[in-house]
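Listed in order, the protein sequences are those of chains A and B. Just add 872 to the spot in the first sequence (first one is 1) and you have this note's numbering. Just add 177 to the spot in the second sequence (first one is 1) and you have this note's numbering. Here the structure is laid out as structure tokens; the discussion comes afterwards.
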Amino acid sequence: MTIRSVFSRLDQERIVLAIAVLVFIIASVTLNGFLTAANLVNIVRSVSVLGILAVGMAIVIIGRGIDLSAVAIMAMSVAWYLQMLGDGTSQAMALVITLAAVLAIGLANGFLVAYADVPPIFVTLASGAFVFGFVRSQLITQDAVPVPPQHWIELLGKTRWLGIPIEVFLFTAIVFVAFLFLRFTKWGRYVYYAGDNPMAARNLGIPVRPMLLLRYVISAFIAFTAGILTASSLLSINTRVVNSTLLYDIVLVAVIGGIGLSGGKGGMRNVIVGALLIGIMLNAMTILDIPNLYQNLIKSTILLVAIIIDGVLNPRDEQTAQQGDI
Amino acid sequence: MFGLKKTLVAATALAAVAFGSVALAQEDPGPAAYAAALKDKRVIMVPMAMGFDLAQGWAAYLKKEVEAFGGVFETRDPNWSIEAGAQAITEAISSDPKPAVLVVHSPDLNSYAKLFKKAQKEGIYVVAIDNPVNYKVDAFIGSDWDRLGQLEAEAAIKACGENSTKQIGLVQGDQVNASSLYQYAGIMKVLEKHPDFKVVAKPDSNWDATTARNVTTTMLQQFPDVCAIIDFWDGDATGTSAAIREAGKQDKIALVTTGGGEKVDCDALENGTFSAVVMTELHNQSRDINAILKYLLQSGVAPGTASTYVYTLERAWTKADLTPTTCWDLKALQAAAQ
């Protein structure tokens, strides 16, 4: 294999993986306490919720969409659920109402994209703002809503297998199920076809529009799961997270891992690679006690470097570019 | 007899005059002047957000007092957005009728300085609360954050004890908010006097509970012998306490923080989540704000000419000195204000 062919095999996913491994090796050698079992678990755990959200985002992006309402759905559905429990609604009732609301938002997103032909970036931007505004102003009284004592969410947060927090297993499980769905089911393969060329997929007889609905519903339920996990570990959910950079981090994890925003490309491997890079970097910088402002600077610089290397090695031209590229 | 009758009449008349004049002299001019100066005055409060305990607490106390003196009290909710806050202030300055006082909870030292100047130029008093600003506002009411940091450090040192590892961890807010910067300065002042105590790590939480949990987990892995952690806000200390709980170190690590003194703070002290909390005494602080409002509106001083600092007296509370009235209950306060 010539050097040239080695370089030509370097796509963004491999570049990011190489950077992640590089940062990992440097941190292991230079930082005390980085390469310990407890810290490695901590790294995976710190990106579990981010990674779970990125799985939902990835499924939507592969189908040539984007879901900017994910963080709002995650925080507000769980906040409302906890508020209902706090106000004395019965367990089953509160859960059924919340799940119905999550389903409704996913369907509304999908419907507007699939049948009203509104670009997903606008639909989900608006629906996210609506979900946040409506729940915050009408349904809950404070930014932070606590988990009632001894509730199953609290017990979930305490669950450990082999000393490893439940989030890590759930992240792994969700990635695995999503992998099976995308790789081995008919509807999973259709996601790629629809993302790569929606018109051709439709001419083939693939139910493009109902599948769009399905993807936004999946994304909404994954967001709800991530919210429950957040609440389980903090014993409350703070709706301020909607205004944080979490949403960009989710898109970042998906895109940096190599899932093209133009759709039809990538898979769960990319999500794992992207999440690991972010997790390793954040952890190493926290051990180094680097202030938050510099952390953001360093994070963005490394991401830019990865994108530039990809741009140089895999230049865009008429053949690789496709309609719908952002 | 005639003379006596005349005398009686005269005496009665005199008495009437005398009593009448006494009744006139008892008319206190204060309330009329007070009412004239305060009636129909519009007071607008712009906190960083309305969705947290302190803001809702201030609003409840201010609403009660302002409406009692015949004024109009309004709040705006920028929901943690600096831009939305700036817009709310701009809109308030140009609204009609003009507000008499703007009560602003500034997100940082500098963002609203220009707007404050504009408000004062328009004849509106500016009162900054809780977070200090780099501008000569008509009054600042809030914590002396430096002193507050000192109280936290003293509580942490006391909780650790002389026979401990003397390692203290900090979970700061960020590097722009005055409350975070001054709190840090205060903590360091105390630690200089106790050179055997060391700050082993000082990550930022960005006021976010999840980040607080992640950085604290890392801190506890790097420095498992930390004896106290000072978190700069009870709002994200839920994350810090989660990390301590998950590491199984609740009995070994004292968590010291600061907060609004709402019931959640007392509950957390009761159940051992927090070891000490420097509480903002909301009741006293709100009374200070109300007193300043009443003073400014009657003072005749033009906005922007004088500047007053009113620092709330604070102390670190531990489980041992809690009383049933130490904390305030947001639900009860809101119910009473309805």
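Backbone N, C-alpha and C fix where the C-beta goes; we use that ideal spot for every residue, glycine too. This structure is a prediction, so every number in the text was calculated from the model and none was measured.
Item                                                                                                                                                                         : Value
Chain B beta carbons: is any one of them nearer than 8 angstroms to that of S1105/A?                                                                                         : yes
So is P1018/A buried or exposed if we call it buried at 16+ other beta carbons inside 10 Å?                                                                                  : buried
Taking E151/B and C504/B to be in contact with their CB atoms under 8 angstroms, please state how far apart those CB atoms are, rounded to whole angstroms.                  : Limits of chain B in this structure are 178 at one end and 515 at the other, which puts residue 151/B out of reach.
Going along chain B in order, which residues have a C-beta closer than 9 angstroms to the C-beta of Q1014/A?                                                                 : G228, F229, D230, Q233 and L507
List the DSSP bridge partners of P1018/A.                                                                                                                                    : S1108/A
Just the chain B side, please: which residues come within less than 7 angstroms of L957/A by C-beta, in chain order?                                                         : Here the premise fails: no neighbours, minimum Cβ distance about 16 angstroms.
Helix or strand or just coil, what does DSSP make of I1144/A?                                                                                                                : helix
Identify whether Q344/B lies in helix, strand or coil by the three-state DSSP scheme.                                                                                        : strand
To the nearest angstrom, report how far apart A214/B and L474/B are at their CA atoms.                                                                                       : 6 angstroms
Thinking I221/B and L279/B are a contact (beta carbons under 8 angstroms), I'd like their distance in whole angstroms, please.                                               : 6 angstroms
Taking only beta carbons into account, state which residues of the segment 1108 to 1120 of chain A come closer than 8 angstroms to chain B, listed in chain order.           : S1108, N1110, T1111, R1112, V1113, N1115 and S1116
Using a beta-carbon distance below 8 angstroms, is K379/B in contact with chain A?                                                                                           : yes
Quick check on M965/A: buried or exposed, where buried means 16 or more other Cβ atoms within 10 Å of its Cβ?                                                                : exposed
Comparing the C-beta of T1173/A with each C-beta of chain B, is any distance below 8 angstroms?                                                                              : no
Could you give the C-beta distance for L1101/A and E1026/A, rounded to a whole number, given that I count them as a contact under 8 angstroms?                               : Between E1026/A and L1101/A the Cβ distance is about 12 angstroms, and since that is not below 8 angstroms, they are no contact.
Is there a C-beta anywhere in chain A that falls below 8 angstroms from the one on G416/B?                                                                                   : yes
Quick one: grab the DSSP three-state call for W235/B.                                                                                                                        : helix
Does the beta-carbon of S1108/A have 16 or more other beta-carbons within 10 angstroms, so that it is buried, or is it exposed?                                              : buried
For F1053/A, which residues from the same chain have a beta carbon less than 6 angstroms from its beta carbon, with the 5 sequence-adjacent residues on both sides left out? : G1060
For the alpha helix (DSSP H) that contains W952/A, what are its first and last residues?                                                                                     : A942 to G958
Give me the residue from G248/B, K240/B, V223/B and G247/B with the minimum Cα distance to D254/B.                                                                           : V223/B
Going along chain A in order, which residues have a C-beta closer than 7 angstroms to the C-beta of N354/B?                                                                  : Simply none; closest approach about 12 angstroms.
Given a cut-off of 8 angstroms, decide if A333/B and A431/B are closer than it, judged by their beta-carbon atoms.                                                           : yes
Which residues, in chain order, does the segment 896 to 914 of chain A contribute to contact with chain B at a C-beta distance below 8 angstroms?                            : N904, G905, T908, A910, N911 and N914
What residue ranges within the segment 230 to 290 of chain B form continuous alpha helix (DSSP H) runs of no fewer than 4 residues, ordered along the chain?                 : 230 to 245 and 259 to 271
In terms of DSSP beta bridges, what is M222/B paired with?                                                                                                                   : T252/B and V280/B
Can you confirm whether N391/B, when its beta carbon is compared against all beta carbons of chain A, has any partner nearer than 8 angstroms?                               : yes
If you check the beta carbons only, do Q511/B and Q297/B fall under 8 angstroms apart?                                                                                       : no
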